[in-house]
Structure formats: structure tokens, C-alpha cells
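Heads up, the thing below is written out as C-alpha cells.
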Amino acid sequence: MKISAAKILSDKYEEIFDNWIKQQLKDTSLREDLMSNEDLEKESGELLKSILTAIRKDNYTDVNAPEFEKANEVLAGISLSRARNGFSPRETAHFVFSLKYAFSAVLEKHLTDGKQLFAEMVRLNKLVDTLALVTIETFI
1 MKISAAKILS DKYEEIFDNW IKQQLKDTSL REDLMSNEDL EKESGELLKS
51 ILTAIRKDNY TDVNAPEFEK ANEVLAGISL SRARNGFSPR ETAHFVFSLK
101 YAFSAVLEKH LTDGKQLFAE MVRLNKLVDT LALVTIETFI
């Protein structure tokens, strides 16, 4: 029986969060002059929780659906806050894009069927791309 990516990701919040934070803290483009690591962790955790809650209904395409209301609210808050603090739209979008790597690390570890892994990664990548575009639109 195949387990859905949404179920795996929901169950592995801590693993995804830890991978994502470690990756962000190692990134040479991290703007510690504009944001504390504590604030980065807070934003990351809030965004990740809202996305994982939204995809529980297996919706990876319609970010205007009711289940994405909180995620869109969090993204708007992050975009506006980062704009005020001097981040560029690119840096803000990069923050969202970086979530792909944390998702893929967890799915690669927990999905053994290569076809399912590929299909789930395509769906997640499209979702993350769309969410990054939301941040850019809000930023602008």
C-alpha cells in the first residue's frame, strides 16, 4: 500500500524543520545582519506548519483554496516583514524555494518506490514554486 507524501511530511515535521534550518544556516547568502536566527526559526516553523496543514487534503495546486488561507497569510507576513527589513524579493523567494530540499530529503528517505517519489517531488516542487511566486507578488 502506498502512503501519501502529505502523510509522510505531516508525520515528519521535526525532521523537515531540522533539515531546513540547518540548510538555511549554512547558506552563504543568509542575511544575519537583517534577521536573527531565532526569527528565522520562528518564520520557518510557522510557514512549514501552515503548508503541511494545507496539503493534508492532498491539494498541491490550488493555493487559493480555503486550506491554504493560513499559508498565504504567513507568506504575506513574511514578505512584508522582509521587505521592511531590507531583504530583496530574490532573497525572500529563495527562503521559500529552499524548502524543496528539506522536503526531498525526507521523501527520499521514506518513499521506496522511485516512480511515486518522482511524482510526489514534481507535485511538491510545483507547489513550492507557486508559494514562492506568492511571496514575490506580495513583496512587490
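Here my numbering is used: the first residue of the sequence shown is 1, the next is one more, and so on.
Built from N, CA and C at the ideal position, the CB exists for glycine as well.
Beta-carbon proximity of residue i to residue j, cut-off 8 Å
{"i": "A54", "j": "A93", "result": "no"}
{"i": "T130", "j": "I78", "result": "no"}
{"i": "G45", "j": "F17", "result": "yes"}
{"i": "F103", "j": "L124", "result": "yes"}
{"i": "V106", "j": "K12", "result": "yes"}
Nearest neighbour of residue i, chosen from the options [CA to CA]
{"i": "E41", "options": "L99, S104, E108, A105", "result": "L99"}
{"i": "K70", "options": "A6, I21, K12, L48", "result": "L48"}
{"i": "F139", "options": "T112, Q116, N85, W20", "result": "N85"}
Neighbourhood of residue i by C-beta distance below 6 Å, restricted to the same chain and skipping five residues each side
{"i": "V128", "result": "L99, K100"}
{"i": "I8", "result": "H110"}
8 Å CB neighbourhood of residue i in its chain, flanking five on each side removed
{"i": "Y60", "result": "R123, L124, K126, L127"}
Span of the alpha helix (DSSP H) around residue i
{"i": "Y101", "result": "99 to 110"}
{"i": "T61", "result": "Unbroken run through T61: none, as it is neither H nor E."}
{"i": "M121", "result": "114 to 139"}
{"i": "L164", "result": "In this structure the chain extends from 1 to 140, so residue 164 is not present and cannot be described."}
7 Å CB neighbourhood of residue i in its chain, flanking five on each side removed
{"i": "S10", "result": "L52, R56"}
{"i": "S182", "result": "The requested residue 182 is not part of the displayed model; the chain covers only 1 to 140."}
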